[in-house]
Amino acid sequence: MSEALKRYKEIITECNNLSHAQNTIYWDMETIMPKEGFKGHSDSLTYLSTEVFKKTTSDEFYEILKTLNTKEEFEKLSDIDKYCVKEDLKDIEKDRRVPADFFESFVRVQNEAGVAWQDAKKANDFSIFAPHLKKMIDMTKQMVKYQYPDKDPYDALLDQYEEGMTREAYDKIFNELKEGLVPLIKKIVACGKKENPKFNDTFSIQAEKETEKLLLNYIGFSFDKGTTGETEHPFTMEFSSKDVRVSNHFSEDDVTDPMFSAIHEGGHAIFEQNVSEELDGTTAGSCKYLGLHESQSRFYENILGRNKNFWIPIYEKIQEIEPKLKAISLDEFYEKINFVKNSFIRTAADEVTYCLHIIVRFELEKEIFLNNVDVDLLPKLWNEKMQEYLGITPSCPAEGILQDMHWSDGSFGYFPTYLLGTIYDGMYLEKITEELGDIDVILKEGRILEITKWLNEKIHKYGSSRKPKEVIAAVCGKEVSAQPILKYFNEKYSKIYNI
Ligand code: ZN
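Going by the working numbering, the sequence shown opens with residue 890, and the numbers climb by one from there.
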C-alpha cells in the first residue's frame, strides 16, 4: 500500500471514529436525554463536527486525494478505493470553493431561519418567517454558485440530493405522473366514500410498540444489527451496517400511523443493514442518494405495506396484541390504510395524493430558482397550486406553506426525491413480478423475506458505490419512467373504489 493510501485510510478512520461519537450523542439527545442536558451534548456535537470538517477539508487531505487521483496511483487502487477517492476529491473541491466566512454566516442564517420557522408555524404567521426565507434563498443561491460554478443552480441542488437528476428529467416524469393522477384522484374523490368511524378510538401505546417490533421482524429488519427508540419525528440512523437504528412516534389516537412509520423507517434500515461488509467505514458504506433511499422505505411502506396480502399472515397476531382491532376486519383495515382524500398536510397524505403534494413543492422551487419569485407571493402561489391539483385551499399558512421545515435549512431540491423514490418503486414492482412472480401471492403466503432478499442482492449491498442511474439500469434495464407506478395506482384504486 502506498504512503498516500495508508495516510488516506488513517484520516478516514479518524473521521469515522469522530462521526461514530457524534451519532451516538445525537441518538441519545433525540431519544433519552433529559431536557436540561441539551447544552453539554450540543457542545460536544459542535466540537466533533468541527473536527471532522477540519480533517476532511484540510490541505493534507486534499494533497493526498490529488496524489491518489494521479494516473499512476489511481490505477493501483481497488474498485472501492477508486470510487471513494473520486467522490472524496469531488466533495473536498466543492467545499474548498466556499469561503470560510461565507460558510459560517450560512450556518448562522440557517439556525436563525430554523428558529423563525418554528415560531412562525406556532404563531401561524408567514411574515415571521418571510425575511429569513428570503435570506436563506439568497444564501443558497450563492452557496451553489461557489460549489458548482458551472452548473445551473437548481440543477446543482437536485443533483446534490440524487446524483444525475436535473430539472428537465424531473419535469418529464412528474408531468407524466401528474397527467395520469389528477383525473384518477378526481374519480376517487367523486365516490364520496366516508371514513370508518371505528378508528376514532384510543389505542394502547404498549401495543403499538409491540406491533412495531413484530412488523420490523416481519419485513427483515435485524435486531442483532439494530434497535429502536422513541422520538417526536421518526428517523433512521446508521452507524455501520452492524448498527442501524430506527425511531418511531406513538400516539393513542392513531393506531395505523406508527405501523407505517415502522415499516417506512424499517425500509431505510434494511437498506443500511445489508450494505456489503467490505464497504463499512468507506465513503460508499452508506447510501447517500436520497431518491434511492426513499425508494426503499416507500417500497416497504406503500407497495408492500398497503397491499392487503401483506397483512394476511400477521393481522390476527396484531389483533392479539391490540384487542381493540378485533372489532375491525381486515377488509376495513385495508380500506382505512388506502383511504384517499384531498388534504392539506403532506406527511399525513395517502400514497396517491402524496405525489401531488410533492409536485406543488417542486413547482414552487422552480418559481424560486428559475423565476426569482418574490417570497411574499409564495403563500398565495402555494394555495393556488393546492387548489389546482387537489381542489382545496389552505385556510392558513400552518396548513399550507409553513408545514415543512425543509426550506428553513436551505434543503431546496430535496422534496422531489420523495416522489422519485415512488416512481422507482413502480419499476421495481414490475421487475419483481417478472422475476419472482405475483407479489400478491408472495405476500399472502408470508414469503416477504424473498422480496427483501431480492432488494438486498439487487440494491442494498452496493451502498453508494453504484449511482442511482446505474442501479436503475442494472435492476430495471431501462430509463426512469412514471408509467409503471401509474399503472399500479390505476389498477389498485380502481378495484378499491370500484371505478
Ligand atoms: Zn424516508
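Using N, Cα and C, we set each Cβ at its ideal position, and we do this for glycine too. From a predicted model like this one, the values you see are computed outputs, not experimental measurements.
Integer-rounded CB distance, given that residue j should sit under 8 Å from residue i
i, j, result
"Ser1354", "Leu1168", "7 Å"
"Tyr1278", "Val1071", "6 Å"
"Val1271", "Leu1253", "Note on identity: in this sequence residue 1271 is Trp, with Val being the wrong assignment. 6 Å between Cβ atoms; contact."
"Glu1127", "Ser1165", "With a Cβ gap of about 14 Å, Glu1127 and Ser1165 do not count as contacting."
"Lys1333", "Ile1217", "Going by Cβ atoms, the distance from Lys1333 to Ile1217 rounds to 20 Å, so no, they are not a contact pair."
"Phe1378", "Pro1305", "18 Å between Cβ atoms; not a contact."
"Val1135", "Thr1145", "Not quite, the Cβ-Cβ distance comes to about 17 Å (not below 8 Å), so this is no contact."
"Cys1365", "Ala1173", "So it is not a contact: roughly 21 Å between Cβ atoms."
"Asn1013", "Ala1287", "4 Å"
"Ile1257", "Ile1026", "6 Å"
"Asn1137", "Thr1117", "7 Å"
"Leu1318", "Trp1343", "That belief does not hold up - the Cβ atoms of Leu1318 and Trp1343 are roughly 11 Å apart, past 8 Å."
"Tyr951", "Arg985", "7 Å"
Residue i versus the options, residue with shortest Cα-Cα distance
i, options, result
"Asp1143", "Pro1086, Pro1357, Tyr1189", "Pro1086"
"Lys1384", "Cys1080, Glu1205, Leu1279, Gln1292", "Cys1080"
"Gly1155", "Pro1147, Ala989, Phe1110, Thr1120", "Phe1110"
"Met918", "Lys983, Thr1120, Leu937", "Thr1120"
"Tyr1243", "Tyr1037, Lys1255, Val1229, Leu1253", "Val1229"
"Ala1362", "Leu1332, Pro1373, Lys1347", "Lys1347"
"Leu937", "Gly1280, Lys979, Glu903", "Glu903"
"Ile1374", "Gly1170, Tyr951, Pro1283, Lys1067", "Lys1067"
"Leu1193", "Phe1018, Glu1097, Gly1335, Ala1287", "Gly1335"
"Val1264", "Trp1296, Ala1238, Thr1100, Ala1237", "Trp1296"
"Tyr1382", "Tyr1223, Ile1248, Glu961, Glu1323", "Tyr1223"
"Val1004", "Asp990, Leu1022, Glu993", "Leu1022"
"Ile1207", "Val996, His1157, Lys1102, Cys1285", "Lys1102"
"Lys1131", "Lys1114, Glu949, Ala1371, Lys1225", "Lys1114"
"Ala1096", "Gln1031, Lys943, Leu1214", "Leu1214"
Beta-carbon gap between residue i and residue j smaller than 9 Å
i, j, result
"Phe1139", "Ile1094", "yes"
"Ala1104", "Ile1159", "The sequence shown places Leu at residue 1104, rather than the Ala named in the question. No, the pair does not count as a contact, with Cβ atoms beyond the cut-off."
"Asn1198", "Ile1328", "yes"
"Gly1302", "Leu1047", "yes"
"Glu1141", "Phe1092", "yes"
"Lys1358", "Glu1052", "yes"
"Lys1024", "Leu1291", "no"
"Ile969", "Thr945", "no"
"Phe1393", "Tyr1035", "Coverage of the chain is limited to positions 890 through 1388, which leaves residue 1393 absent and any answer about it impossible."
"Ser1232", "Thr1311", "no"
"Leu1309", "Val1369", "yes"
"Arg1195", "Glu1161", "no"
"Ile1321", "Ile1337", "no"
"Ile1234", "Thr1100", "no"
"Leu894", "Leu978", "no"
"Arg997", "Lys1255", "no"
Chain D within 9 Å of residue i, Cβ atoms only
i, result
"Lys1076", "Among the protein chains of the structure shown there is no chain D, as only one such chain exists."
Query raised in the report: When a residue counts only if its C-beta is closer than 6 Å to some heavy atom of ligand 1, which residues count, in chain order?
Result: His1153, His1157, Glu1183, Ser1186
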